[in-house]
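Residue numbers (the numbering used here), protein chains in the order written: chain P, 1 to 340; chain D, 1001 to 1340.
Cβ atoms here follow ideal geometry from the backbone N, Cα and C, with glycine treated the same way.
A quick write-up on the structure given underneath.
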């Protein structure tokens, strides 16, 4: 692939389009073979364009879109009534092969519904999955899926997630043979509900991934697995619970350092360290959950992502395009189906 | 109730019986109306008894048990073959009304299986649930259930958990009208799988608890709910994921403070604050998950609980006995069944 074209929905996100435009600029500076198609109102991006140098300006295309998907739109409403929206247009450009990937920080439910409807799943894949990097001990990272693309899932679906997660880890993190685990309430064979036990059997019977068995919730962030697989209901709750407690720990720490004079003095000294901790635990660099299993690349950025975090989402989309992730998933799934 | 008798399994736990014996001593000193029945090998507790004052000694009974349930015993094996174990005896004493509650830090699966088999569920309750306190913002706490007592659950089961959790919060935390929420992947009505939607309907149709609707994972630790209800599979994973990330944040912080000279100096100054943070986030004071919905009180202490944490597990059992939690759950469930 000589150059990468990313369609960026600049109307989504809680912090306004300027955050996304900043991230677009940074991405263009970072990748000389990147082209970005901005989807949104011209009134929003016109003044921004004028601040860019000639080289960057040459690598930007504008796509005028009249409608915006709001955070309160139901997925079905967005799907039926917002066909001219910036989100929909970004996905359409991928479907029409005019863009290699799209990025949006808008309404997650609407994005998933539209992407599923417009792009369709790859042959052999029943449902798409939302996948993202999470921090792990010793500065490592781990992939968790499904984070909520579908709330009902069968064992075959979990098996497909394992295959897709393995391909993703290999391509986007360069892990030669990614270790894949199933999330469960215990590590022993007898533990778990019917769903997870059946998926375990499918994975044991197959040679398609380096399957290491069950891991418990705490082992997501400490264990040997490069990829942890679960259904969308559990995955979403595991992710959000973890975000909740991490926030609680950091908030408590901040509060402690303001309690008295020594503490306030200490907090001044400690500031660089707190900052470093925050950076290391920072969701920014893990921003960009990818909707995989579709015939095109879709990256969901956090609604409250700042320009730094939004840059990481674009970076994620760029890397998936460079590595032709959907094609590689397709090839792998085909070979797994042959194996059966 | 004039006095409380607690049967303590002193053979469970990873740190050895001395931790539990220390906790027993501390509990007897703390509650003058507490009596403890130590279940285990006499060789283990005999030398301990000799160190106690006459008053404490008078409030201890010894129950010689030849067998021990190991951490590797399968629940079914423990149930069939370890009828003379310290764990089983502690539960039997509750069933025979010789003890008001039992506490064990042994094999969780075996404890749950034995307790379920020996004590049976209360009339109107399909399955027991494991419930525990978790830390929340502003030094508050929240109850989460089920933490893994059963991995398969229907909507009626979730409804019963909500009722039991509400009674538990009222009795053990003095919340007059506990706010109860269902854990889900979104707060909107349309979100969630079939199970959670059906349970939501049952709770909306009933007047039996102060139901506030759905909460997402991060809202467990920040939201308005006093009680958060979910199935045992999701609850276990939410709990363990949270433990995992909290450990990661605190480990990273410790590691940062050893990185260079300033940091090491700072860490000396910061030590009291780190300690305070750790205490505030400390699982010790939240130790003691209760198995509720049975015709008797069963408290599970962490396998690696120290004597401080073990004290909290005994305290939890004491409070449940004082407040006659099973009787109150029974009465409430009966009134709810009348309402239907």
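**Q.** Residues of the stretch 1137-1148 of chain D with Cβ closer than 7 Å to any Cβ of chain P, in chain order
**A.** 1137, 1148
Q | Residues within the stretch 225-254 of chain P neighbouring chain D, beta-carbon criterion of under 8 Å | A | Residues 230, 232, 233, 234, 236, 237, 238, 239, 240, 241, 242, 243, 244, 245, 246, 247, 248, 249, 250, 251, 252, 253.
Q | Bridge-paired residues (DSSP) for residue 92 (chain P) | A | Taking the first residue of the first chain as position 1, residue 92 (chain P) is located at position 92. For residue 92 (chain P), which the question treats as bridged, DSSP gives no partner whatsoever.
Q) residue 117 (chain P): buried (16+ other C-beta within 10 angstroms of its C-beta) or exposed? A) To locate residue 117 (chain P), count along the first chain from 1; it is residue 117. Around the CB of residue 117 (chain P), fewer than 16 other CB atoms lie within 10 Å, so the residue is classed as exposed.
Q: Label residue 1131 (chain D) either buried or exposed according to how many other C-beta atoms from any shown protein chain fall within 10 Å of its C-beta, with 16 as the threshold for buried.
A: On the second chain, residue 1131 (chain D) is found 131 positions in, with the first residue counted as 1. Residue 1131 (chain D) comes out buried.
Q.
Can you pull the chain P neighbours of residue 1217 (chain D), defined as C-beta to C-beta under 8 Å?
A. Within the second chain, numbered from 1, the residue matching residue 1217 (chain D) stands at position 217. In chain order: 236, 237, 238, 239, 240, 241, 242, 243, 244.
(Q) Taking the beta carbon of residue 287 (chain P) as the centre, do at least 16 other beta carbons fall within 10 Å, making it buried, or is it exposed? (A) Reading the first chain from its first residue, position 287 is the one you call residue 287 (chain P). It counts as buried.
Q. Since residue 233 (chain P) contacts residue 1234 (chain D) with CB under 8 Å, what's their CB separation in whole angstroms?
A. Residue mapping note: residue 233 (chain P) aligns to position 233 of the first chain, counting from 1. Residue mapping note: residue 1234 (chain D) aligns to position 234 of the second chain, counting from 1. Taking the Cβ atoms as the reference, residue 233 (chain P) lies roughly 7 Å from residue 1234 (chain D), within the contact range of under 8 Å.
**Q.** Cβ-Cβ distance between residue 69 (chain P) and residue 106 (chain P) below 7 Å
**A.** Taking the first residue of the first chain as position 1, residue 69 (chain P) is located at position 69. Taking the first residue of the first chain as position 1, residue 106 (chain P) is located at position 106. Yes, the pair counts as a contact, with Cβ atoms nearer than the cut-off.
Q) Are residue 1006 (chain D) and residue 1309 (chain D) touching if we call contact CB-CB under 7 Å? A) The count along the second chain starts at 1 and reaches residue 1006 (chain D) at position 6. The count along the second chain starts at 1 and reaches residue 1309 (chain D) at position 309. Going by C-beta atoms, residue 1006 (chain D) is not nearer than 7 Å to residue 1309 (chain D).
Q) Can you find a CB in chain P that lies within less than 7 Å of the CB of residue 1185 (chain D)? A) For the purposes of this step, residue 1185 (chain D) is taken as residue 185 along the second chain, with counting starting at 1. So yes, residue 1185 (chain D) belongs to the interface.
Q) What are the start and end residues of the alpha helix (DSSP H) that includes residue 115 (chain P)? A) By one-based count along the first chain, residue 115 (chain P) stands at place 115. 108-119 is the extent of the alpha helix (DSSP H) around residue 115 (chain P).
**Q.** Limits of the alpha helix (DSSP H) - the one that residue 1056 (chain D) falls within
**A.** Working through the second chain from its first residue, we reach residue 1056 (chain D) at position 56. Annotation for residue 1056 (chain D): the continuous alpha helix (DSSP H) segment containing it runs 1054-1058.
Q) Between the stretch 184-197 of chain P and the stretch 159-169 of chain P, do at least 3 Cβ pairs fall closer than 8 Å? A) no
Q: Tell me residue 1044 (chain D)'s beta-bridge partners as DSSP assigns them.
A: Along the second chain, read from residue 1 onward, the residue named residue 1044 (chain D) stands at position 44. Looking at the DSSP assignment, residue 1044 (chain D) forms no beta bridge with any residue, so it has no partner.
Q: Decide yes or no for the touch test of the stretch 1165-1182 of chain D against the stretch 1240-1251 of chain D: beta carbon pairs closer than 8 Å, at least 3 of them.
A: no
(Q) Considering Cα atoms alone, identify which of D:1073, D:1009, D:1115 is closest to residue 1042 (chain D). (A) Start at 1 with the first residue of the second chain, and residue 1042 (chain D) comes out as number 42. If we check each option's Cα against that of residue 1042 (chain D), D:1009 comes out closest.
Q) Listed from N- to C-terminal order along the chain, which residues in the stretch 177-205 of chain P have their beta-carbon within a distance smaller than 9 Å of any beta-carbon of chain D? A) 183, 184, 185, 186, 188, 190, 191, 192, 193, 194, 195, 196
Q: Report yes or no: is there a C-beta of chain D within less than 7 Å of the C-beta of residue 48 (chain P)?
A: On the first chain, residue 48 (chain P) is found 48 positions in, with the first residue counted as 1. Closer than 7 Å: no.
(Q) So, with DSSP's three-state summary, where would you put residue 1172 (chain D)? (A) What you label residue 1172 (chain D) is simply residue 172 of the second chain in a count that begins at 1. Residue state, collapsed to three classes: helix.
Q. Using 7 Å as the limit for Cβ to Cβ distance, is residue 1220 (chain D) near chain P?
A. If you number the second chain from 1, residue 1220 (chain D) lands on position 220. Yes, residue 1220 (chain D) counts as interfacial toward chain P.
Q) Between which two residues does the beta strand (DSSP E) harbouring residue 128 (chain P) extend? A) Stepping through the first chain from its first residue, residue 128 (chain P) is reached at position 128. No residue range can be given for residue 128 (chain P), since it is assigned to no beta strand (DSSP E) and is classified by DSSP as neither H nor E.
Q) Going by other Cβ atoms of all chains shown within 10 Å of its Cβ, with 16 needed for buried, is residue 128 (chain P) buried or exposed? A) Position 128 of the first chain, counting from 1, holds the residue named residue 128 (chain P). Under this definition residue 128 (chain P) is a buried residue.
Q) In chain D, which residues lie less than 9 Å from residue 152 (chain P) when you measure between Cβ atoms? A) Residue numbering aside, residue 152 (chain P) sits at position 152 when the first chain is read from its first letter. Residues of chain D passing the Cβ test: 1193, 1194.
Q.
Which residues does DSSP list as the beta-bridge partners of residue 214 (chain P)?
A. Locating residue 214 (chain P) in the first chain gives position 214, counting from the first residue. Answer is P:182.
**Q.** residue 123 (chain P), buried or exposed, once every other Cβ within 10 Å from all chains shown has been counted against 16
**A.** Start at 1 with the first residue of the first chain, and residue 123 (chain P) comes out as number 123. Exposed, by the Cβ-count rule.
Q. Excluding sequence positions up to five away, which residues of its chain have a Cβ less than 6 Å from the Cβ of residue 1018 (chain D)?
A. The residue you call residue 1018 (chain D) lines up with position 18 of the second chain. By the criterion of a C-beta distance shorter than 6 Å, residue 1018 (chain D) is surrounded by no residue of its chain, once the five residues flanking it on both sides are discounted.
Q. Quick check: the stretch 1213-1220 of chain D against the stretch 92-107 of chain P, are there 3 or more CB pairs under 8 Å?
A. no
**Q.** DSSP beta-bridge partners of residue 5 (chain P)
**A.** The count along the first chain starts at 1 and reaches residue 5 (chain P) at position 5. Answer by DSSP bridge pairing, in chain order: P:35.
Q) Looking at chain P, which residues of the stretch 1066-1091 of chain D have a Cβ within less than 7 Å of any of its Cβ atoms? A) 1074
(Q) Can you look up residue 1061 (chain D) in the DSSP assignment and give me helix, strand or coil? (A) As a working mapping, residue 1061 (chain D) is identified with position 61 in the second chain. Three-state result, residue 1061 (chain D): strand.
(Q) Please identify the residue among P:66, P:297, P:52 whose C-alpha is closest to the C-alpha of residue 96 (chain P). (A) Taking the first residue of the first chain as 1, we reach residue 96 (chain P) at position 96. Looking at the Cα atoms, P:297 is the closest of the given residues.
(Q) With three or more C-beta pairs closer than 8 Å as the rule, is the stretch 59-79 of chain P touching the stretch 17-37 of chain P? (A) yes
Q | Contacting residues, own chain, Cβ-Cβ under 7 Å from residue 1149 (chain D) (five flanking each side not counted) | A | As a first step, residue 1149 (chain D) must be located in the second chain, where it is residue number 149. Correct list, in chain order: 1112, 1127, 1128, 1129, 1130, 1232, 1291.
(Q) For residue 238 (chain P) and residue 99 (chain P), I'd like the C-alpha separation in whole angstroms. (A) Numbered from its first residue, the first chain carries residue 238 (chain P) at position 238. Numbered from its first residue, the first chain carries residue 99 (chain P) at position 99. Between residue 238 (chain P) and residue 99 (chain P), the C-alpha separation is close to 33 Å.
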